[in-house]
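Undergrad:
Numbering (our numbering), first residue to last: -10 to 254.
(1) To which residues does DSSP link residue 174 through a beta bridge?
(2) Nearest CA to the CA of residue 1: which residue from 21, 212 and 35?
(3) Under 8 Å between the Cβ atoms of residue 334 and residue 188?
(4) Assuming residue 220 and residue 93 are in contact, meaning their beta carbons sit under 8 Å apart, how far apart are those beta carbons, in whole angstroms?
(5) Can you confirm whether the segment 177 to 186 touches the segment 206 to 225 when touching is taken to mean that 3 or more C-beta pairs between the two stretches lie within less than 8 Å?
(6) Could you please give me the residues that DSSP links to residue 204 through a beta bridge?
(7) Just grab the DSSP bridge partners of residue 36 for me.
(8) Keeping to the same chain, check which residues put their C-beta closer than 8 Å to that of residue 60; ignore five residues upstream and five downstream.
(9) With 16 other CB atoms within 10 Å as the buried threshold, where does residue 194 fall?
(10) Helix, strand or coil, according to DSSP, for residue 118 in the structure here?
(11) Helix, strand or coil for residue 250 per DSSP?
(12) Mind checking who residue 140 pairs with in its DSSP beta bridge?
(13) Any idea if residue 144 is buried or exposed, counting beta-carbon neighbours within 10 angstroms, 16 or more meaning buried?
(14) Bridge partners for residue 98 per DSSP, in chain order?
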């Protein structure tokens, strides 16, 4: 089979777990990417879209985060692994100018396909907020653990930029088109530009589901930052991409999936 580009999604991705298992994160994420790039090179396929992360920015020095914000001051090994891979790909593109790469810095993907047929079903206790919230709403879990309420935010809980997974997928189509321009190495934020707190997300999910979502405040999770949200203007300008779905749509689609799949797949 002939193929002209690779979309590299694979990797370990839990912030808290990465603090506990740093070597595993470096082994899987870094070694896996090196082997992928070597295999691509061996087959003459030199176009890649990489799933990076807003965690490469570390603790934000200013908000919203644009692509010129300093990177590398990561607060956890997961973020460091993404930063190292970005550097690896940038060095490769510099050394071999026939490579093209688009590095997509995801903010916080949530939601599900509107059919209710495709969604997120984490194994064990979810590391991401919204699958956890949805499992409480559907009755799989008794309550949500909220990691910290003493951040410098509007209600003390962490603020993130949540993006509908379908918008994120469309961002990858736009990135593939960019590769065809022989673009070299490009970096883009994929986010909405709006930050919501944990408690605002709980309220939004209560609205979508019509159910009360019980929660308990626990200690901060190691490696978390207080606030993180994007300036997505560059992606709109250069990729013609902009997030289309708002918070209500994200929660409605997530709830439809969870309701149709109460115990997961």
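Beta carbons are placed, not taken as given, at the ideal position from N, Cα and C, and that holds for glycine.
TA: Looking at the coordinates:
(1) Answer is 90.
(2) 21
(3) Because the chain spans -10 through 254 in this model, residue 334 falls outside it and cannot be assessed.
(4) Actually they are not in contact, since the Cβ atoms of residue 220 and residue 93 sit about 15 Å apart, beyond 8 Å.
(5) yes
(6) 133
(7) 89
(8) 45, 46, 47, 72 and 75
(9) buried
(10) helix
(11) coil
(12) Note: residue 140 sits in no beta bridge, so no partner.
(13) Exposed.
(14) 152
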